[in-house]
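Undergrad: Here it is, the structure, as structure tokens.
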Amino acid sequence: MMRARYLLITTLLLTLAACTVPLAPTPTATPTPTLTPFRTPTPTHTPTPMPTCTSTSTFTPTPIPTPTPVTSPIRTPVPDADQAILGALLVEPPPCPFDYTVVNPEPPRRVPNATRTFWVTDGTAGERREVAARLRVQTEHVAMWVEEGVWHDVQQLEAAATFFETQVYSTTRAAFGSEWTPGVDNDPHVHILHATGLGEGVLGYTSSADEFPSALYPFSNEAEMITVNAEYFSFRFGEGSGMEWGGAAYHALLARQFQRLIQWNHDRNEERWVKEGLVELAVHLNGLDPGFVVSAQPNGGPERAYLERPDTSLFVWEDEESAAHRGAAYLFATYFHERLGDEGTRALVAQSLNGAAGFDAVLADLGTGLTFDDLFAEWLAANYLDNEPEVDDPRYSYATLDLERPAPAAVCEDYPVTVETSVQQFGADYVLLRGDDDLRVRFVGATDTPLLDLLPHSGRYFWWSNRADESLTTLTRTFDLSGVERATLIYWVWYDVEPDYDYATVEISTDGGEHWQILSTPSGTDADPHGNNPGWGYTGRSEGWVREEVNLTPYVGSEVLVRFAYLTDEAVIGAGFVLDDVAIPEIGYADDVEEGEEEGWEAAGFVRSDNFVAQRYLALLISLGGSLGDEVTVERLQVEEDQVAEWMVPLGSENLGEAVLVLSGLAPLTTQPAPYCLAIEK
Numbered sequence: 040m041m042r043a044r045y046l047l048i049t050t051l052l053l054t055l056a057a058c059t060v061p062l063a064p065t066p067t068a069t070p071t072p073t074l075t076p077f078r079t080p081t082p083t084h085t086p087t088p089m090p091t092c093t094s095t096s097t098f099t100p101t102p103i104p105t106p107t108p109v110t111s112p113i114r115t116p117v118p119d120a121d122q123a124i125l126g127a128l129l130v131e132p133p134p135c136p137f138d139y140t141v142v143n144p145e146p147p148r149r150v151p152n153a154t155r156t157f158w159v160t161d162g163t164a165g166e167r168r169e170v171a172a173r174l175r176v177q178t179e180h181v182a183m184w185v186e187e188g189v190w191h192d193v194q195q196l197e198a199a200a201t202f203f204e205t206q207v208y209s210t211t212r213a214a215f216g217s218e219w220t221p222g223v224d225n226d227p228h229v230h231i232l233h234a235t236g237l238g239e240g241v242l243g244y245t246s247s248a249d250e251f252p253s254a255l256y257p258f259s260n261e262a263e264m265i266t267v268n269a270e271y272f273s274f275r276f277g278e279g280s281g282m283e284w285g286g287a288a289y290h291a292l293l294a295r296q297f298q299r300l301i302q303w304n305h306d307r308n309e310e311r312w313v314k315e316g317l318v319e320l321a322v323h324l325n326g327l328d329p330g331f332v333v334s335a336q337p338n339g340g341p342e343r344a345y346l347e348r349p350d351t352s353l354f355v356w357e358d359e360e361s362a363a364h365r366g367a368a369y370l371f372a373t374y375f376h377e378r379l380g381d382e383g384t385r386a387l388v389a390q391s392l393n394g395a396a397g398f399d400a401v402l403a404d405l406g407t408g409l410t411f412d413d414l415f416a417e418w419l420a421a422n423y424l425d426n427e428p429e430v431d432d433p434r435y436s437y438a439t440l441d442l443e444r445p446a447p448a449a450v451c452e453d454y455p456v457t458v459e460t461s462v463q464q465f466g467a468d469y470v471l472l473r474g475d476d477d478l479r480v481r482f483v484g485a486t487d488t489p490l491l492d493l494l495p496h497s498g499r500y501f502w503w504s505n506r507a508d509e510s511l512t513t514l515t516r517t518f519d520l521s522g523v524e525r526a527t528l529i530y531w532v533w534y535d536v537e538p539d540y541d542y543a544t545v546e547i548s549t550d551g552g553e554h555w556q557i558l559s560t561p562s563g564t565d566a567d568p569h570g571n572n573p574g575w576g577y578t579g580r581s582e583g584w585v586r587e588e589v590n591l592t593p594y595v596g597s598e599v600l601v602r603f604a605y606l607t608d609e610a611v612i613g614a615g616f617v618l619d620d621v622a623i624p625e626i627g628y629a630d631d632v633e634e635g636e637e638e639g640w641e642a643a644g645f646v647r648s649d650n651f652v653a654q655r656y657l658a659l660l661i662s663l664g665g666s667l668g669d670e671v672t673v674e675r676l677q678v679e680e681d682q683v684a685e686w687m688v689p690l691g692s693e694n695l696g697e698a699v700l701v702l703s704g705l706a707p708l709t710t711q712p713a714p715y716c717l718a719i720e721k
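Per my numbering, the sequence shown runs over residues 40 to 721.
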């Protein structure tokens, strides 16, 4: 799979907001309500506009109420959460199996001008074609190939190969580790193919499919390789644009893609936000500008887009990524590297645990005394304080970047005021508090948040596939069909699976799992535009619950294994595959998923869920001095277990000119935002 590895030439649309106006969309002012738990959100999430803090003519202080947990109308959560189920949600999805097969017993030897064919993909049309290419330059670790008939300057290509060999190869390996070498082809060279017809806006890509033997994946090139769009780097831009062969954008592309090869070798199913942050860090560490590979222009880096929209989730990437998502990941990876150096990034890449769990493991192994949540909190503060001259604490600044302040969610100057809104999980709302009087701030948050934006088909529970790149999760059960003459598998399914690249399947085995046959399902497909379909599977979106019925009569007469599987490629994932109400009427079997795992299912990555995760919040108070030389402080504010808090902000102090309240949701896995309410009074 390749399209998420493409480097798209986009234009960064930066929205400038006045200091007292919240980010777009422009909110509608509403009367200030009494502080109560939030209104129940609707099942289909519509992002809440950030409100402008408005003053009120009257405000009657009342004690903080005992909050009713903020929930979705999907259901009312059970008071005593099933801890086993909550823990199961954090199970690591297993990566796709890979046995590191080498296809060449002896290392291949190639002379200058040698030719071979490669498979390339048009990222726009999704079509594959074979091209002939010629080896033009070869160094100790890189082999430069050019498609036959493509004009190129050999000296320019030689200079590019030298830069990769002496700069990109050594710097990137020092920070992240090694690619698979000598690799599937038993060749220590990284092969860089310059080809045409890769699609509009595609600068280049890597594909993990090339690491497989062609006997397993017919479109594999059987090499550790990077494919470069020769059209973008030779025809469309002039000398000095950075887009010529051997220019800054070209080198940035190779740095990003080489880091991908390294990441794949160590932790193939790492979470997307971590992987994409590390590829941007690779560009940065090589002295190049990530802005080249996002906007095709220097100094237009993704970090600017993120700082314009700081309430962008670090974890949850939209189907079509934005520059703000990439900017968040880049800044966090850069911050992590500045704190822990090459040792830290190498350990992170090598860590098999994914996402926040991987960071927790590395931080513990290196003896930092920090958790991921601690580091995340300090990063949010650093994003705001990077340009403050009074800050000399490395926790709250960047050594290698010079950031503008993040755009505020709201600016409050008149009190009392109440704010009711939401913040993305691992996003950030920066609420500026100004004035000359001490403030009392009361906070009420949700106690849990929906995992997915849907109702179970029946009851409270369902099976969820989990979600991770390049992973295979399964749910398997034995059924005895020996006493019947016919059998029908009936189940309800909901799915949001990356179209044409990821697939969910239903499979059967009659030999104890040695061999599996994929079953045809009414809503599945055998279409295979990109070579990823294992035979027949669900892909795309179901747009609701769908009843499926599959004929098992050809397999009656013995015990069988039935397996539901979810197979993902190396980038871009949907919400996943959800299963409920499984039945085989002919043997009297029916499972509504309400009784738990004792019903006989063996889960590898699948989790039984009530569709809720515990909601937690992060709250920081950044205090800025009233004049040059005054101390700047960062305080982690306590939020109680019921997600209620009360804080005092001493704006009346002569040494305090402005305070910034930083709020973030800390619920894992869910894509739903975290609602909260603030009541602020003098």
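Cβ atoms here follow ideal geometry from the backbone N, Cα and C, with glycine treated the same way.
Helix, strand or coil: how does DSSP classify Q194 here?
TA: Helix at Q194.
Undergrad: Taking the C-alpha atoms as reference points, what is the distance between A248 and S259?
TA: Roughly 5 Å separates the two Cα atoms.
Undergrad: Indicate whether V678 and A706 have their beta-carbon atoms separated by less than 7 Å.
TA: No; because the gap between Cβ atoms is not below 7 Å, this pair is not in contact.
Undergrad: List the residues that DSSP assigns as beta-bridge partners of W303.
TA: The partner list for W303 (beta bridge, DSSP) is empty, contrary to what the question assumes.
Undergrad: Going straight from the alpha carbon of V1 to that of S352, what length do you get?
TA: The requested residue 1 does not occur in the structure, where the chain is confined to residues 40 to 721.
Undergrad: If distances are taken between C-alpha atoms only, which option among I557, W303 and Q296 comes closest to I265?
TA: Taking only the C-alpha atoms, the option nearest I265 is Q296.
Undergrad: Exposed or buried, what is R586 when buried is set at 16 or more other beta-carbons lying within 10 Å of its beta-carbon?
TA: The residue in question, R586, is exposed, as its Cβ has fewer than 16 Cβ neighbours within 10 Å.
Undergrad: My assumption, with CB atoms under 8 Å, is that E546 sits in contact with R602. Please give the rounded CB distance.
TA: Right, their Cβ atoms sit about 5 Å apart.
Undergrad: Considering only the alpha carbon of each residue, which of V456, G380, A448 and S209 lies closest to T439?
TA: Closest by alpha carbon: G380.
Undergrad: Taking only the alpha-carbon atoms, compute the straight-line gap between L520 and A526 and give it to the nearest angstrom.
TA: Using only the alpha carbons, I get a separation of about 7 Å.
Undergrad: By alpha-carbon positions, which one of V683, W184, E187 and C135 ends up nearest to T486?
TA: When each option's Cα is compared against that of T486, the closest is V683.
Undergrad: Does the distance from the C-beta atom of A2 to that of T513 stay below 7 Å?
TA: With the chain covering 40 to 721 only, the question about residue 2 has no answer from this structure.
Undergrad: Does the distance from the CB of S497 to the CB of D620 come in under 7 Å?
TA: In contact: S497 and D620 (Cβ atoms closer than 7 Å).
Undergrad: So A698 is in the beta strand (DSSP E); what residue range does that whole segment cover?
TA: Segment E697 to G704, the beta strand (DSSP E) holding A698.
Undergrad: Identify the continuous beta strand (DSSP E) that holds A171 and give its terminal residues.
TA: Residues R167 to Q177.
Undergrad: Find out if the Cβ-Cβ distance for the pair S436, D425 is shorter than 7 Å.
TA: Contact: yes.
Undergrad: Could you have a look at P714 and say whether DSSP puts it in helix, strand or coil?
TA: P714: strand per DSSP, three-state reduction.
Undergrad: Return the chain-ordered list of same chain residues with a C-beta closer than 6 Å to the C-beta of Q390, the five sequence neighbours on each side being excluded.
TA: Taken in chain order, the residues that qualify are G397, A400 and V401.
Undergrad: According to the neighbour-count rule (16 or more other Cβ atoms, all chains shown, within 10 Å of its Cβ), is D468 buried or exposed?
TA: Burial call: buried.
Undergrad: Can you tell me whether R365 is buried or exposed? The criterion is at least 16 other CB atoms within 10 Å of its CB, across all chains shown.
TA: The residue is buried, with at least 16 neighbouring Cβ atoms inside 10 Å.
Undergrad: May I have the straight-line CA-CA distance separating I719 from V480, to the nearest angstrom?
TA: So the alpha carbons of these two residues sit roughly 5 Å apart.
Undergrad: So, helix, strand or coil for A248, using DSSP?
TA: Helix.
Undergrad: Tell me whether the beta-carbon of Y605 lies closer than 7 Å to the beta-carbon of S504.
TA: Cβ distance < 7 Å, so Y605 and S504 count as in contact.
Undergrad: Taking three-plus beta-carbon pairs below 8 Å as touching, is the region 137 to 154 in contact with the region 233 to 242?
TA: The answer is no - the region 233 to 242 does not touch the region 137 to 154, with fewer than three Cβ pairs under 8 Å.
Undergrad: With distance defined between alpha-carbon atoms, name the residue in P573, T156, W219 and Y715 nearest to F482.
TA: If we check each option's Cα against that of F482, Y715 comes out closest.
Undergrad: On the DSSP letters alone, give me the boundaries of the beta strand (DSSP E) that R479 sits inside.
TA: It spans L478 to G484 - the beta strand (DSSP E) in which R479 sits, taken as one unbroken run.
Undergrad: Using beta-carbon positions only, say whether G285 and A199 come within less than 7 Å of one another.
TA: Their beta carbons are under 7 Å apart, which means G285 touches A199 by this criterion.
Undergrad: Going by DSSP, what residues sit across from W184 in a beta bridge?
TA: Answer is L174 and L232, bridged to W184.
Undergrad: Give me, in chain order, the residues of the same chain whose beta-carbon lies closer than 6 Å to that of A213; leave out the 5 immediate sequence neighbours on both sides.
TA: Hits under 6 Å: D381.
Undergrad: Output the distance between the C-alpha atoms of Y374 and W640, rounded to the nearest integer angstrom.
TA: Straight-line Cα distance between these residues: approximately 43 Å.
Undergrad: Fully enclosed by the region 368 to 405, which alpha helix (DSSP H) runs are 4 residues long or longer?
TA: Runs found: 394 to 404.
Undergrad: Which residue spans inside the region 559 to 618 form an unbroken beta strand (DSSP E) run of at least 3?
TA: Here the runs fully enclosed are 585 to 590 and 598 to 606.
Undergrad: So, are the CB atoms of Q302 and V388 less than 7 Å apart?
TA: For Q302 and V388, yes; Cβs fall inside 7 Å.
Undergrad: How long is the line joining the alpha carbons of L471 and I612, rounded to whole angstroms?
TA: Each residue's Cα considered, the two are about 36 Å apart.
Undergrad: Starting from the C-beta of N268, find all residues in its chain whose C-beta is less than 6 Å away, skip the five residues before and the five after it, and write them out in chain order.
TA: These residues qualify, in order along the chain: L237, V241, L242 and G243.
Undergrad: Can you list, in chain order, the residues of its chain whose CB lies under 6 Å from that of P712, leaving out five sequence neighbours each side?
TA: Excluding sequence neighbours, P712 sits near S461 and Q463.
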